[in-house]
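If you count the sequence shown from 1, position 20 lands on 449 in this note's numbering, and the numbers rise without skipping. No residue lacks a Cβ here, since even glycine has one placed at the ideal position from N, Cα and C. Please read these numbers as outputs of a predicted model, since none were measured by experiment. For reference, the structure is listed below as structure tokens.
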Amino acid sequence: MSDQLSVLVLNGDAETNQQFEKLQDAQLTTANLNGDGWNETLRRHPLDILVVELNPKADIASSMARIERARADYPEMTIFVTSATKSPELIIAAMRSGAQEFLSKPISEGELNQAVDRCRRRKEATNGRSQSGRLISVFSKTGGVGVTTLAVNLGVALAQTGSNRAALVDLNLQHGDASSLLDLHPRYSIVDACEAGDQVDTDKLQSCMTPHGSGLSLLAEPAHPAASDEVSAHHVHSVLQQLTGIYPYVVVDMPHVFEPRVMAALDMSSTILLTTVATIPALRSARKVLQLFKELGFSHEKVKLVVNRVSRVDRIETKEITRTLDHEPFWTLPNNYLAAADALNTGQPLVSQKRLSNVAKSLLDMADVVSRVGVTGRR
Ligand SMILES: Nc1ncnc2c1ncn2[C@@H]1O[C@H](COP(=O)(O)OP(=O)(O)OP(=O)(O)O)[C@@H](O)[C@H]1O
Ligand SMILES: [Mg+2]
430 MSDQLSVLVL
440 NGDAETNQQF
450 EKLQDAQLTT
460 ANLNGDGWNE
470 TLRRHPLDIL
480 VVELNPKADI
490 ASSMARIERA
500 RADYPEMTIF
510 VTSATKSPEL
520 IIAAMRSGAQ
530 EFLSKPISEG
540 ELNQAVDRCR
550 RRKEATNGRS
560 QSGRLISVFS
570 KTGGVGVTTL
580 AVNLGVALAQ
590 TGSNRAALVD
600 LNLQHGDASS
610 LLDLHPRYSI
620 VDACEAGDQV
630 DTDKLQSCMT
640 PHGSGLSLLA
650 EPAHPAASDE
660 VSAHHVHSVL
670 QQLTGIYPYV
680 VVDMPHVFEP
690 RVMAALDMSS
700 TILLTTVATI
710 PALRSARKVL
720 QLFKELGFSH
730 EKVKLVVNRV
740 SRVDRIETKE
750 ITRTLDHEPF
760 WTLPNNYLAA
770 ADALNTGQPL
780 VSQKRLSNVA
790 KSLLDMADVV
800 SRVGVTGRR
């Protein structure tokens with residue numbers, strides 16, 4: 430790649446074109462094309478960056494099909510998608526079709542420059558590891574329902590089965606606390622692993638993992654929340670692809686938002702443990718998430734509902750949850766405040782404690798079942 434980036438903005442409006450015109454060291458072309466002109470244009474202009482603007486009237490399906498074709502024909506070209514709409518469905522569709530960057534409008538200069546910097550640093554060679562390990566995301570749209578507790582304990586339990594190896598990725602890039610639950614003091618984080626470019630280097634990635642006594646390796650949250658901007662959805666994809674090539678199990682502790690990095694991880698996962706508790710707000714939120722997952726084409730097998738903090742005094746019973754969500758819980762975990770608080774304060778995960786509490790036993794059983802659930806592909 431020469432120092433001058435050649436950039437083509439397709440179907441951008443005046444505002445988008447102006448933003449890209451401000452780029453330093455870039456040779457910009459703009460074009461308005463619908464239909465067959467794409468192939469010819471791309472053949473004539475060897476590009477570093479293709480920017481595809483999805484305007485409100487665009488036929489999304491054919492735009493995605495063209496992006497997919499461009500990705501296949503020009504694998505070294507970086508594809509940006511710009512759009513005024515940033516629905517999770519659109520972000521997923523853009524990433525599945527092969528776009529590396531999704532910029533929502535109005536495009537911020539800072540975000541654009543960062544995306545272009547990542548492109549500049551992109552390594553040409555891709556590491557062709559194929560995914561073999563299981564990728565398990567623990568997710569909830571509501572905070573405080575036990576996502577981190579589940580992810581950490583599942584990670585430790587899976588690390589202790591068979592191969593003695595598992596990885597945990599803390600995707601809470603702003604305020605992750607997995608390291609605290611494991612009483613670890615990581616020297617490196619996911620940001621260090623993503624420093625060199627969009628294609629994460631395997632050796633670098635492995636050197637950024639923090640080992641835990643259980644056999645679990647943690648890819649920790651950044652020490653400074655501001656650094657989280659340096660991690661793109663493409664980085665997350667690359668990190669998870671590499672880790673599943675190395676570890677038999679990779680567990681992801683997810684933040685409670687739908688954004689490109691989260692959507693990338695959810696889409697790649699073989700299992701999503703959608704975590705909830707038996708309260709009306711949490712169940713309402715879980716119902717919306719289940720609906721969205723269905724619309725995204727995630728299978729019933731992929732999405733597993735875990736109800737945490739279940740107790741006899743709950744007003745809402747499990748069978749009512751099944752009826753409300755039209756989804757039978759895969760697992761229920763008992764409420765045990767003392768055990769959970771003890772684990773937090775000692776930095777000893779529930780499943781590693783000498784005297785196992787009811788919740789620890791249940792977590793171990795759950796991990797055992799999760800490890801035996803058949804791998805049914807990515808979706
Ligand atoms: N089964 C349980 N019984 C009692 N307390 C629990 C249980 N599971 C988790 N907790 C407690 O609930 C609180 C929230 O748990 P946790 O941090 O794992 O949730 P989270 O969804 O990751 O929250 P955040 O929004 O901070 O990411 C913690 O204090 C944890 O110890
Ligand atoms: Mg958490």
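Query raised in the report: For the beta strand (DSSP E) that contains P763, what are its first and last residues?
Result: W760 to P763
Report task. Check whether the Cβ of V576 sits closer than 8 Å to any heavy atom of ligand 2, and report yes or no. Result -> True, at least one ligand heavy atom lies under 8 Å from that Cβ.
Requested in this report: Please determine if the region 638-649 and the region 574-594 are in contact, where contact requires at least 3 C-beta pairs separated by less than 8 Å.
Outcome: Yes, since at least three Cβ pairs between the region 638-649 and the region 574-594 fall closer than 8 Å, the two stretches touch.
**Report entry** Beta-bridge pairing of Y678 - partner residues as DSSP gives them
**Finding:** R563
Query - Touch test, the region 562-577 against the region 770-781, Cβ-Cβ under 8 Å, three pairs minimum - result: Flag = no, the region 562-577 and the region 770-781 do not touch.
Report task. Taking E650 as the reference, give the member of A694, S714 and D682 with the closest Cα. Result -> D682
Report task. Find out if the Cβ-Cβ distance for the pair S435, I496 is shorter than 9 Å. Result -> no
Query raised in the report: Count the other CB atoms within 10 Å of the CB of D621; is the residue buried (16 or more) or exposed (fewer)?
Result: buried
Requested in this report: Return the CA-CA distance between A652 and Y617, expressed in angstroms with no decimal places.
Outcome: 8 Å
Report task. Could you tell me whether the Cβ atoms of G776 and L672 are closer together than 9 Å? Result -> Their beta carbons are not under 9 Å apart, which means G776 does not touch L672 by this criterion.
Query raised in the report: How many Å lie between V598 and L647 at the Cα?
Result: 6 Å
Query raised in the report: DSSP state of K790, grouped into three classes?
Result: Helix, per DSSP.
Query raised in the report: Does N542 get closer than 9 Å to chain B when you measure Cβ to Cβ?
Result: Of the chains in the structure shown, none is chain B; there is only one protein chain.
Requested in this report: Could you pull out every unbroken alpha helix (DSSP H) segment of at least 4 residues lying fully inside the region 579-617, listed in chain order?
Outcome: 607-610
Query raised in the report: What's the gap between the Cα of S608 and the Cα of G575?
Result: 15 Å
Query raised in the report: Rounded to a whole number of angstroms, what is the C-alpha to C-alpha distance between P758 and T751?
Result: 7 Å
Query raised in the report: With respect to 8 Å, is the separation between the Cβ of G572 and the closest non-hydrogen atom of ligand 1 below this value?
Result: yes
Report task. Assign R733 to buried or exposed, taking buried as 16 or more other Cβ atoms, counted over all protein chains shown, within 10 Å of its Cβ. Result -> It is worth fixing the name first, because residue 733 is Lys in this sequence and not Arg. With 16 or more other Cβ atoms within 10 Å, it is buried.
Query raised in the report: Comparing the CB of N601 with every heavy atom of ligand 2, is any distance shorter than 8 Å?
Result: yes
Requested in this report: Let me know the secondary structure DSSP gives H666 once reduced to three states.
Outcome: helix
Query raised in the report: Regarding D606 and ligand 2, is the C-beta to nearest heavy atom distance less than 8 Å?
Result: yes
Query - Sub-9 Å separation of Q543 and E659 beta-carbons - result: yes
Requested in this report: Compute the distance between the beta-carbons of M506 and R498, then report whether it is under 9 Å.
Outcome: No.
Requested in this report: Using the Cα positions of V665 and R547, report the straight-line distance between them to the nearest angstrom.
Outcome: 13 Å
Query - Buried versus exposed call for E530 [16 or more other C-beta atoms within 10 Å across all chains shown] - result: buried
Query raised in the report: Are there 16 or more other CB atoms within 10 angstroms of the CB of V686, so buried, or fewer, so exposed?
Result: exposed
Query raised in the report: The alpha helix (DSSP H) spanning Q447 covers which residue range?
Result: A443 to E450
Query raised in the report: What's the C-alpha gap between S492 and V545?
Result: Cα to Cα, S492 sits roughly 22 Å from V545.
Query raised in the report: In chain order, what residues of the same chain lie with their CB nearer than 8 Å to the CB of N765, ignoring the 5 residues before and after it?
Result: Apart from the 5 residues on each side of it in sequence, N765 sits with its Cβ closer than 8 Å to the Cβ of S786, N787 and V788 in its chain, given in chain order.
**Report entry** Outcome for R738 when other beta-carbon atoms lying within 10 angstroms are tallied against a minimum of 16
**Finding:** Classified as buried, R738 has 16 or more neighbouring CB atoms from the shown chains inside 10 Å of its CB.
**Report entry** Integer-rounded CB distance, given that A711 should sit under 8 Å from T577
**Finding:** Going by Cβ atoms, the distance from T577 to A711 rounds to 16 Å, so no, they are not a contact pair.
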